[in-house]
Each structure stands twice: as structure tokens, then as C-alpha cells.
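Q:
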Amino acid sequence: MTTELSSEMLNNLLKDQQDEITAHYLYTRIASFVKDEENKKIIEAVAEDEFKHYNTLKGITGRELKPQKFKMFIFYWITRILGVTFGIKFLENSETQAITSYNDKTDSVDGLEEIIKDEERHEAELLDMINEERLNYMGSVVLGLNDALVELTGALAGYTFAFQNTRLIALTGLITGISASFSMAASEYLAKKHEQEENALKSSLYTGIAYVITVAFLVLPFLLLNNPFYGIITTLVIAVLIIFVFNFYVSVANDYNFKKRFLEMAVISLGVAGISFLIGVLINKFIGIDM
460 MTTELSSEML NNLLKDQQDE ITAHYLYTRI ASFVKDEENK KIIEAVAEDE FKHYNTLKGI
520 TGRELKPQKF KMFIFYWITR ILGVTFGIKF LENSETQAIT SYNDKTDSVD GLEEIIKDEE
580 RHEAELLDMI NEERLNYMGS VVLGLNDALV ELTGALAGYT FAFQNTRLIA LTGLITGISA
640 SFSMAASEYL AKKHEQEENA LKSSLYTGIA YVITVAFLVL PFLLLNNPFY GIITTLVIAV
700 LIIFVFNFYV SVANDYNFKK RFLEMAVISL GVAGISFLIG VLINKFIGID M
């Protein structure tokens with residue numbers, strides 16, 4: 460039976476209640492632009508659960524609350540830009556503290572057990588059912604991104620000491636990167652065709668596009684800076700940022716271990732870059748290229 464609520468308990472419940480009504484309106488708005496009917500039904504079901512939770516808490520607090528418009532705005536555009544799966548799972552992950560909060564209150568407040576079950580069910584049963592095309596080709600994106608990061612950071616590091624000319628490094632890097640992107644896309648297409656996959660062409664396009672975009676970001680510092688060593692330092696920083704952002708996205712969307720994947724990719728990319736830089740030093744010293 461619900462005991463008399465302390466001021467602190469009431470404030471905590473009101474915060475939870477506002478989060479629930481905000482999530483209800485946000486999921487409803489997201490469902491309105493989702494084209495896949497199955498995904499739409501899943502998101503609408505989550506929205507209904509959130510509204511049910513809001514009414515349960517309203518019965519306890521006796522207050523009527525409005526959604527947080529700024530939070531809705533931020534999460535709505537995160538979902539529009541980064542995809543439905545990422546947006547919704549990111550929102551649900553941000554609410555994991557609410558489950559802990561509800562668990563702490565179950566001894567004092569009735570009706571919270573059902574809310575806890577629903578929140579846990581969202582990810583376990585509903586959110587994992589969402590099917591989004593971009594995630595189906597994540598393996599192809601990873602292939603293009605990883606190969607571009609490892610190959611081009613290494614190549615640019617080697618070119619930096621061998622050439623010591625930002626324009627020449629940028630030109631050589633672009634030629635190397637764009638050529639490699641076609642090669643990787645073709646290899647992905649042939650591999651998928653060999654595996655008799657229906658969407659081999661689309662997989663190869665995802666690989667090639669991921670590769671080209673990565674190349675553009677990595678080469679950009681050499682087009683903007685005059686000092687080649689500042690250029691390679693900036694390129695390595697950009698490489699780490701790309702690895703960070705991409706792995707954060709994948710870890711949220713696919714429930715992967717972010718720290719493990721980030722460190723693995725970062726160590727490999729920077730390690731190859733370091734080895735290539737040393738090779739460039741040796742080439743410059745023994746062959747004596749003077750640009």
C-alpha cells in the first residue's frame with residue numbers, strides 16, 4: 460500500500476511522470492514519419508505503454524504534467540538524422556536510470572512493478588523487432604570504414620615524411636583512397652554474389668560510399684594546412700573521432716560493447732599509421748626523395 464509521500468519522493472515521481480509523458484509524445488511523433496508498417500506498430504505500442512505509465516504516476520501524484528518540448532525536439536531530430544533504431548534505443552538507454560529509480564520506490568509506492576516490467580520489455584521484445592535497412596548493411600559500412608581508416612591513415616603517415624608537401628600528400632592520398640574505394644566496393648560485390656545474396660550491389664555501394672566519405676575527411680587537413688606534420692596530426696585526430704562516433708552509433712543501435720570496439724579500431728588504425736610513418740622515414744632517408 461502506498462505510504463504518505465515525502466517531498467523528495469514526490470519530486471522524484473513527478474520527474475519520472477514528466478519523462479513518461481515526454482516519451483509518449485515523442486514516440487507518437489516518430490511513429491508518424493515511419494513508413495514501415497510493422498515498425499510503426501511497434502513504436503505506437505511503446506508510446507501507448509509510456510502513456511499508461513504516465514497515468515499510473517498521475518494517479519499517485521495527483522498532478523497533470525506537460526511534455527518537455529526541448530527534449531522532444533532534440534531526440535526527434537536525432538532519430539530523423541541517425542535512424543529510428545538509434546534514436547529510440549538512445550532514448551531508452553537514457554531512461555535506464557528510471558528503472559533503478561522505480562525499483563527503489565516499490566516498497567513505498569504501489570503500481571510501479573508493472574511500469575518496470577513494461578520498460579524492460581520495450582528493449583527485450585519490442586525494440587529488437589524494429590527492422591531498419593541501414594542496419595542490415597552495417598557490415599558493409601564497417602568494411603569500408605575500417606579499411607579506409609587502416610589503409611589511408613597508414614598511407615598518409617608514410618607520405619607525410621616521404622614527401623613533406625601537403626598538396627602532393629593530399630593528391631596522392633585522394634588517388635590512393637578513391638582507387639581503393641572502387642576496389643573495395645568491387646570486392647564486396649563479388650563476395651556477396653558468391654554468397655548468393657540478393658542485394659550484392661547495394662552492399663557494395665554502402666562499402667564504397669563509407670570508404671569515400673572516410674577518405675575525404677582524412678585528406679581534408681592536407682588541403683587546408685601548409686605544414687604536413689600538423690596535417691598528419693589533425694588527420695589522426697579526425698580518425699579517432701570517426702572511430703569514436705561510428706562505434707558509439709553501432710554500440711547503441713546494435714547493443715555492442717562500445718569501449719572494446721573503440722579501443723580495438725583505434726589501436727589498429729593508429730598502430731598501422733605509426734608503422735607507415737617509420738617506413739616513410741626510412742624511404743626518405745635511404746632513397747632520398749626530395750619534393
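To get the numbering used here, take the position in the sequence shown, counting from 1, and add 459.
Cβ coordinates follow ideal geometry from the N, Cα and C atoms, glycine included.
Any contact between the region 639-654 and the region 726-741? By contact I mean 3 or more CB pairs, one from each, below 8 Å.
A: Segments in contact, no.
Q: What would DSSP say about V493, mapped onto helix, strand or coil?
A: Correct three-state label for V493: coil.
Q: Mind checking M460: buried by the 16 CB within 10 Å criterion, or exposed?
A: With a pLDDT of only 42 at M460, under the threshold of 50, the placement of this residue in the model should not be trusted, and no figure is reported.
Q: What does a CB cutoff of less than 8 Å around I489 pick up in its chain, not counting 5 residues either side in sequence?
A: Closer than 8 Å at Cβ, skipping near neighbours: I502, Y535, T538, V543, G546, I547.
Q: Under the assumption that Y670 contacts A639 (Cβ atoms under 8 Å), give the Cβ distance between them as a whole number of angstroms.
A: About 7 Å separates the two Cβ atoms, so the contact holds.
Q: Closest by CA to I519, which one among F736, F492, E496, K474?
A: The shortest Cα separation from I519 among F736, F492, E496, K474 belongs to K474.
Q: Below 8 Å on the Cβ atoms is my contact criterion, and I expect Y513 with I480 to pass it. Report the Cβ-Cβ distance as a whole number of Å.
A: About 4 Å; that satisfies the 8 Å criterion.
Q: Is it true that the region 597-614 meets the region 655-667, where meeting means three or more beta-carbon pairs spaced less than 8 Å apart?
A: Yes: the two stretches touch, three or more of their Cβ pairs being nearer than 8 Å.
Q: Run through DSSP, which three-state label would Q476 get?
A: Note: Q476 maps to helix in three-state DSSP.
Q: Name the two residues that bound the continuous alpha helix (DSSP H) containing R626.
A: That run of the alpha helix (DSSP H) goes 625-653.
Q: Let me know the secondary structure DSSP gives M750 once reduced to three states.
A: Unreliable positioning characterises M750 in this predicted model, as indicated by a pLDDT of 44, which lies under 50. The coordinate reading is nonetheless provided below. In the structure shown, M750 sits in coil (DSSP, three-state: anything other than H, G, I, E or B).
Q: Would the beta-carbon of H483 fall within 8 Å of that of A504?
A: Taking 8 Å as the Cβ cut-off, H483 and A504 do not qualify as a contacting pair.
Q: What is the residue span of the alpha helix (DSSP H) that S599 lies within?
A: 597-622 is the span of the alpha helix (DSSP H), which, as asked, contains S599.
Q: Do T673 and L684 have their CB atoms nearer than 8 Å?
A: It is not a contact, given that the beta carbons lie outside the stated cut-off.
Q: Note down, in chain order, each residue of its chain lying with its Cβ closer than 6 Å to the Cβ of D606, except the 5 sequence neighbours on either side.
A: Correct list, in chain order: M643.
Q: Alpha carbon to alpha carbon, how far is L630 from G636?
A: So the two alpha carbons sit approximately 10 Å from each other.
Q: I need the boundaries of the alpha helix (DSSP H) containing P526, first residue and last residue.
A: Neither: P526 is in no alpha helix (DSSP H) and is coded neither H nor E.
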